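Have a look at the structure below before the remarks.
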Amino acid sequence: MALLEVDDLQTHFFTEEGVVKAVDGVSFRVDRGEVVCLVGESGSGKSVTSLSLLGLVPSPPGRIVGGSIRFQNGETSEDLVKASEARMRSIRGDRIAMIFQDPMTSLNPYMRIGRQLAEVLEVHQDLRGDAARKRCLEMLEAVGIPGAASRLDDHPHQLSGGMRQRVMIAMALLCAPDLLIADEPTTALDVTIQAQILELIEERKNEMGVGVLFITHDLGVVAKMADRVAVMYAGRLVEQGSVDAIFEQPQHPYTEALLRSIPRIDTGGGRDRLEAIDGLPPSPANLPPGCPFHPRCRYAVDPCRETFPDRRRFDLDGHPHEAACHVPPEERG
Amino acid sequence: MGSYALRRLLGLIPTLLLVVTLVFFLVRLAPGGPFDAERAAPPEVIAALEAKYNLDAPLGEQYFRFLGDLLKGDLGYSFKYPGRTVNEIIALSLPVSMTLGFWAMIVALTFGIPLGMIGAIRQNTWKDTTAMAVAMLGISIPRFVLAPLLVLWLSLGLYLFPVARWETWRHMVLPVICAALPTMAYVARLTRGGMLEVIHADYIRTARAKGLAERQVVIRHALRGGLLPVVSFLGPGFSALLVGSLVIEQIFSIPGMGRYFVEAAQNRDYTIVMGVTLVYGTLLMVLNAVVDMAYAWLDPRVKLS
Amino acid sequence: MSEAVADDVAVPEAESGSSLWRDAWRRLKKNRAAVVSAVILAMMILGCVLVPVLGSHDYASQDLALGATAPSGEHWMGTDPLGRDIMARVFLGGRVSFAVGVIATLVSFAIGVTWGGVAGYFGGRVDSAMMRVVDVLYTFPFLILVILLQVFFANKDGTFHHLFQGIIGPLVEDAADPSWFPVFQICFVFAALGGISWLTMARIVRGQVIALREQPFVEAARSIGVGHAAIIFRHLLPNALGPIIVYTTLTIPQIMLTEAFLSFLGMGTQEPLSSWGLLAAKGAEVMELYPWMLVFPAVMLALTLFCFNFLGDGLRDALDPRIRKD
Chain A
0 MALLEVDDLQ
10 THFFTEEGVV
20 KAVDGVSFRV
30 DRGEVVCLVG
40 ESGSGKSVTS
50 LSLLGLVPSP
60 PGRIVGGSIR
70 FQNGETSEDL
80 VKASEARMRS
90 IRGDRIAMIF
100 QDPMTSLNPY
110 MRIGRQLAEV
120 LEVHQDLRGD
130 AARKRCLEML
140 EAVGIPGAAS
150 RLDDHPHQLS
160 GGMRQRVMIA
170 MALLCAPDLL
180 IADEPTTALD
190 VTIQAQILEL
200 IEERKNEMGV
210 GVLFITHDLG
220 VVAKMADRVA
230 VMYAGRLVEQ
240 GSVDAIFEQP
250 QHPYTEALLR
260 SIPRIDTGGG
270 RDRLEAIDGL
280 PPSPANLPPG
290 CPFHPRCRYA
300 VDPCRETFPD
310 RRRFDLDGHP
320 HEAACHVPPE
330 ERG
Chain B
0 MGSYALRRLL
10 GLIPTLLLVV
20 TLVFFLVRLA
30 PGGPFDAERA
40 APPEVIAALE
50 AKYNLDAPLG
60 EQYFRFLGDL
70 LKGDLGYSFK
80 YPGRTVNEII
90 ALSLPVSMTL
100 GFWAMIVALT
110 FGIPLGMIGA
120 IRQNTWKDTT
130 AMAVAMLGIS
140 IPRFVLAPLL
150 VLWLSLGLYL
160 FPVARWETWR
170 HMVLPVICAA
180 LPTMAYVARL
190 TRGGMLEVIH
200 ADYIRTARAK
210 GLAERQVVIR
220 HALRGGLLPV
230 VSFLGPGFSA
240 LLVGSLVIEQ
250 IFSIPGMGRY
260 FVEAAQNRDY
270 TIVMGVTLVY
280 GTLLMVLNAV
290 VDMAYAWLDP
300 RVKLS
Chain C
0 MSEAVADDVA
10 VPEAESGSSL
20 WRDAWRRLKK
30 NRAAVVSAVI
40 LAMMILGCVL
50 VPVLGSHDYA
60 SQDLALGATA
70 PSGEHWMGTD
80 PLGRDIMARV
90 FLGGRVSFAV
100 GVIATLVSFA
110 IGVTWGGVAG
120 YFGGRVDSAM
130 MRVVDVLYTF
140 PFLILVILLQ
150 VFFANKDGTF
160 HHLFQGIIGP
170 LVEDAADPSW
180 FPVFQICFVF
190 AALGGISWLT
200 MARIVRGQVI
210 ALREQPFVEA
220 ARSIGVGHAA
230 IIFRHLLPNA
240 LGPIIVYTTL
250 TIPQIMLTEA
260 FLSFLGMGTQ
270 EPLSSWGLLA
280 AKGAEVMELY
290 PWMLVFPAVM
300 LALTLFCFNF
310 LGDGLRDALD
320 PRIRKD
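Chains A, B and C, in that order, give the protein sequences. So for the first sequence, numbering that gives the first Met the number 0 puts the first residue at 0; every next one is plus one. So for the second sequence, numbering that gives the first Met the number 0 puts the first residue at 0; every next one is plus one. So for the third sequence, numbering that gives the first Met the number 0 puts the first residue at 0; every next one is plus one.
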């Protein structure tokens, strides 16, 4: 049984200007010990997807309007969409933990680090005082913060960006969650620190066996971290598969276009120009009919303008793969 | 923190000196004032003034005498009431005004903060609109309108509270309410604004992602940042409250410093006016220094320079 | 085959940037409270201009035989002990209240913009010194100082009075005529009130000037030769004006309140001029006997303040989309 199984998730925002379908039919799964990267441009709906998993979509104006999120619970699984708020609260921080993009604003500037960490233990494990402090100290050391003991009494502004992110990771892992959701954790950091943080996440994953849903727009990060990749565009998943398959044999025109637009050393020479994708991603409030990518797609044909393609499932590179496109690769010029 | 406090208080001294000097020269220059050749005052007062101030001495010497007197706490004689010193009057009236101001601030904070929090947490619901409408009323109705209306209603109509004077706790209720209302309104608005900003902050989202109940999120995380605007308001807030109490003391015949000040102003009793100004000024400056220190203590990001 | 997408497909355009002002105007119009307030204020001002002139009763004519009467068909707001029509007096008083509000705000605007602008522009020690002054004054009960100045200097033949006479001397036929004295007093009040409220304006303007100075696009624009005027008027000013407009709108009711307050203490507007504050103060004295004398001016004042505050809030919400209510 998968640790997390998302099926046809739909999260819409009901605003004055109309309904924004931020997530419109997304399905994927994450297993224990594997890293699934959710890739897409800004506005593709990847962050909203992650917030939906934890029931943290700002409501109003947002709401999960359809689909299911099955999360493993012992021998069975429960649907988080239907879970009560009390149940979600017990899951957040304990079974599913999340780390966010900007560590500067994601930590409470007025509270000491130690206290913010210990809070998680207090809420979920009823652990306080010295026992809690000890656990926090261990965790800080495990995430590689030097002089951890004194850091417990510091405030966030006294730490560097990289260290703050480590603190966030520590905070997320304190209760040994089954699933870790990382929403662009390295985007706000320097490149050198990025690599360290990614290594840290990978180490912890290996040691603790958590499943990781890693959200990013950076294909380099995907190449390093992912076991499997899910590509999102305009609120939908357009392709999903193993990382190797995605990079070497992309099945969807969007994925193809993305890969053509970044420099790569693995495909050797051959290409001397990067190709940007023409046009702009559609505004989520104003999606084109049919396949949302068709206005920018070089292979678009009539059906593309009318209906969203079915997901074709097959095996690629020995792993399950799927892509949603009307035009099979053989028919592309 | 301690050394910051000390430095802050010491820093007040040059400002105080400036104010004192300013006042000194103002009084000297006031036409018809104590030092004007054609001053209009009873002869005993003039005699007392001359004895005290030695007006033939050069200005510099007079100034230092003045400072010396101040340090001794001697503010001189009333200009209009022979034989009474400014000190006497202030000693009698200051505690009254302080009590009024203190309780008014307590009431303003006690009711204003929760009102503002309701507005923020239940944003855009009827509770929010109502809370903010009440706050708006508080800001828009002048105290000197509110006071007579409350008196008409609660004192003369319902016999709940006495109309004037300052003797028992019952006498305190109406004046304190009237003094507190506009301040409470400001506090409510500031609290709501501050909380709204904080509630949409990323770190609140993190707190929720940790599994905290909404109530814990608000109290443990949002409140501290959200109340900071209220803390920085306290300084000028007290100032405004003080000014407002001038009217309250008039209407309710409360023997506070404000009432004496207004009477003195209307009577052109220069020395009392001057003395009260100095006391108010000093009081408020110290108060503000304390508020600043409180703010620095609450917000760890403020560097204590 | 794989030619470019057919022309009839609507490629989503980059959203045309709505100008700041148009957006703000749209948001403001949606704010019902603000719109209603603006309408009420407009009617109020119109009333103050027209009623004393066109109304059926003159504001000065007394009818001692009549004395004070409650509101009736003849006198909608009643009469005062001298038989004068209160409605006419209230609307006349409104002229003074609004005038004080607007003029004193302009004074405070002028001082604040200059002070803050200079401090922000020069920065460094000049800025520190100037803002230190603001900080100190902010905590001081300025009104007390105003009263002090009034007491000491705003007398007939006081220094300020002589100054005033000097200024109007060339403009009027007889500056020494004692009927100019109330005008002098009112001007003193304008200046004093403006002098109290410029502090926050100075802070806001300074903040804006500093923020604008730092904009990288200013440097960039300069480096490619865009004229200063173009930058200032098309980009900087519209952004800077926002908070300034909001604060100006919110200052007017504060000043009107302070004027009412001073008049109540006998230190603001003086007879024979009248303002809402003065009328309310007189009304408060005889409240038990003739409550209408307090109620009408008080309600007019409170209503005006209410509306200005709502309007100011609405402007703030409209111009600063970050503090959105959703």
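Beta carbons: idealized from backbone N, C-alpha and C, even for Gly. If you're wondering where the values come from, they're calculated on a predicted model, not measured in any experiment.
Where residue i sits in the DSSP three-state scheme
i	result
Ala3(C)	Its pLDDT being 40, under 50, Ala3(C) is placed unreliably in this model, and the coordinates cannot settle the point.
Leu329(C)	Nothing about residue 329(C) can be reported from this structure: the residues present for chain C run from 0 to 325 only.
Thr28(A)	Residue 28(A) is actually Arg in this sequence, not Thr. The answer is strand: DSSP assigns Arg28(A) an E or B state.
Arg311(A)	strand
Lys20(A)	strand
Gln149(C)	helix
Val8(C)	Because the pLDDT at Val8(C) is just 39, under 50, the model does not fix this residue reliably, and the point stays unresolved.
His216(A)	coil
Tyr289(C)	coil
Tyr298(A)	coil
Val211(A)	strand
Val86(C)	The question names Val, yet the displayed sequence has Met at residue 86(C). Note: Met86(C) maps to helix in three-state DSSP.
Ala235(A)	It is Arg, not Ala, that sits at residue 235(A) in the sequence shown. Here Arg235(A) sits in strand by DSSP.
Trp296(B)	helix
Cβ neighbours of residue i in the same chain (closer than 6 Å, five flanking residues each side left out)
i	result
Cys303(A)	Gly289, Cys290, His293, His325
Trp102(B)	Val175
Gly100(C)	Ile251, Ile254, Met255
Arg69(A)	Glu4, Ser76, Asp78
Leu283(B)	Ser238
Gly93(C)	Cys47
Asp101(A)	Ala187
Beta-carbon contacts of residue i that lie in its chain and below 7 Å, excluding the five residues immediately before and after
i	result
Arg258(B)	Glu248, Gln249
His170(B)	Pro161, Arg164
Ala288(B)	Arg7, Leu8, Leu11
Phe65(B)	Phe23
Short CB-CB distance (under 7 Å) between residue i and chain D
i	result
Gly92(A)	Protein chains A, B and C are contained in the structure displayed, whereas chain D is not.
Check: residue i C-beta below 6 Å from any heavy atom of the ligand GDP
i	result
Phe63(B)	Summarising the ligand content, the structure contains no ligands, and the ligand GDP is consequently not present.
Close beta carbons around residue i, own chain, < 8 Å, minus the five adjacent residues each side
i	result
Lys126(B)	Ile117, Gly118
Asp68(B)	Leu74, Gly75
Below 8 Å, can you find three or more Cβ-Cβ pairs linking the stretch 46 to 56 of chain A to the stretch 173 to 184 of chain A? Segment contact: the stretch 46 to 56 of chain A against the stretch 173 to 184 of chain A, three or more CB-CB distances shorter than 8 Å; contact assigned.
Is the stretch 60 to 74 of chain A close to the stretch 244 to 259 of chain A, with three or more CB pairs under 8 Å? No, they do not touch.
Restricting to runs no shorter than 4 residues, where is the alpha helix (DSSP H) found entirely within the stretch 144 to 204 of chain A? With a minimum length of 4 residues, the continuous alpha helix (DSSP H) runs that stay inside the stretch 144 to 204 of chain A are 147 to 150, 160 to 172.
Write down every uninterrupted run of the alpha helix (DSSP H) in the stretch 108 to 190 of chain B whose length is 4 residues or greater and which is fully enclosed by it, in chain order. Annotation note: the stretch 108 to 190 of chain B contains the following uninterrupted alpha helix (DSSP H) runs of length 4 or greater, listed N- to C-terminal: 125 to 139, 142 to 149.
Any contact of the stretch 135 to 142 of chain A with the stretch 87 to 105 of chain A, i.e. 3+ C-beta pairs under 8 Å? As far as the Cβ criterion goes, the stretch 135 to 142 of chain A does not touch the stretch 87 to 105 of chain A, which means the pair count is below three.
Using a beta-carbon distance cut-off of less than 7 Å, what residues from the stretch 134 to 149 of chain B approach chain C? Interface annotation for the stretch 134 to 149 of chain B against chain C: Met135, Ile138, Ser139, Ile140, Pro141, Phe143, Val144, Pro147, criterion Cβ-Cβ distance under 7 Å.
Looking at chain A, which residues of the stretch 211 to 235 of chain B have a Cβ within less than 7 Å of any of its Cβ atoms? Under the 7 Å Cβ criterion, the stretch 211 to 235 of chain B contributes Leu211, Ala212, His220, Arg223, Gly224.
Check whether the stretch 218 to 238 of chain A and the stretch 253 to 263 of chain A are in contact - that is, three or more C-beta pairs closer than 8 Å. Taking 8 Å as the limit for Cβ pairs, the verdict is that the stretch 253 to 263 of chain A does touch the stretch 218 to 238 of chain A.
Where in the stretch 102 to 147 of chain C do unbroken runs of the beta strand (DSSP E), each at least 3 residues long, occur, reported from the N-terminal end onward? Fully enclosed beta strand (DSSP E) runs of 3 or longer: not present.
Between the stretch 140 to 153 of chain A and the stretch 112 to 120 of chain A, do three or more beta carbon pairs fall short of 8 Å? In short, these stretches touch, since the Cβ pair count reaches three.
Chain C contacts from the stretch 151 to 180 of chain B (Cβ-Cβ distance under 8 Å): Result list: Leu151, Leu155.
Give me the subset of the stretch 276 to 296 of chain B whose CB atoms are less than 7 Å from a CB atom of chain C, sorted by chain position. Of all residues in the stretch 276 to 296 of chain B, Thr276, Tyr279, Gly280, Leu283, Met284, Asn287 have a Cβ within less than 7 Å of some Cβ in chain C.
Closer than 8 Å between beta carbons: that is the criterion. Which residues of the stretch 97 to 110 of chain A meet it against chain B? For the stretch 97 to 110 of chain A, which is checked against every Cβ of chain B, the residues closer than 8 Å are Met97, Phe99, Asp101, Thr104, Ser105, Leu106, Asn107, Pro108, Tyr109, Met110.
Just checking, does the stretch 307 to 315 of chain C make contact with the stretch 18 to 38 of chain C on the three C-beta pairs under 8 Å criterion? Taking 8 Å as the limit for Cβ pairs, the verdict is that the stretch 18 to 38 of chain C does touch the stretch 307 to 315 of chain C.
The stretch 42 to 69 of chain C: positions lying closer than 8 Å to chain B by Cβ: Residues: none.
Contact list for the stretch 108 to 137 of chain A against chain B, Cβ threshold 8 Å: Across the stretch 108 to 137 of chain A, CB contacts with chain B closer than 8 Å involve Pro108, Tyr109, Met110, Glu118, Val119, Val122, His123, in sequence order along the chain.
Does the stretch 143 to 153 of chain B touch the stretch 282 to 298 of chain C, meaning 3 or more C-beta pairs lie closer than 8 Å? Because the criterion of three Cβ pairs below 8 Å is met, the stretch 282 to 298 of chain C and the stretch 143 to 153 of chain B touch.
At a Cβ cut of 9 Å, what residues of the stretch 183 to 210 of chain B count as close to chain A, listed as they run along the chain? Listed by position, the residues of the stretch 183 to 210 of chain B near chain A (Cβ gap below 9 Å) are His199, Ala200, Asp201, Tyr202, Ile203, Arg204, Thr205, Ala206, Arg207, Ala208, Lys209, Gly210.
Within the stretch 40 to 112 of chain A, note down every full alpha helix (DSSP H) run reaching 4 residues or more, in order along the chain. The stretch 40 to 112 of chain A contains these whole alpha helix (DSSP H) runs: 45 to 53, 84 to 90, 102 to 105.
Check each residue of the stretch 264 to 276 of chain B: if its Cβ is closer than 8 Å to any Cβ of chain C, include it; give the result in chain order. For the stretch 264 to 276 of chain B, which is checked against every Cβ of chain C, the residues closer than 8 Å are Ala264, Gln265, Arg267, Tyr269, Val272, Met273, Val275, Thr276.
Looking at chain B, which residues of the stretch 72 to 88 of chain A have a Cβ within less than 7 Å of any of its Cβ atoms? Cβ contacts with chain B: Arg88.
Residues within the stretch 261 to 274 of chain C neighbouring chain B, beta-carbon criterion of under 9 Å: Against chain B - using a Cβ distance shorter than 9 Å - the residues of the stretch 261 to 274 of chain C are Phe263, Leu264, Gly265, Met266.
Short of 9 Å Cβ to Cβ, which residues in the stretch 238 to 250 of chain B face chain C? The stretch 238 to 250 of chain B vs chain C, Cβ under 9 Å: Ser238, Ala239, Leu241, Val242, Gly243, Leu245, Val246, Gln249, Ile250.
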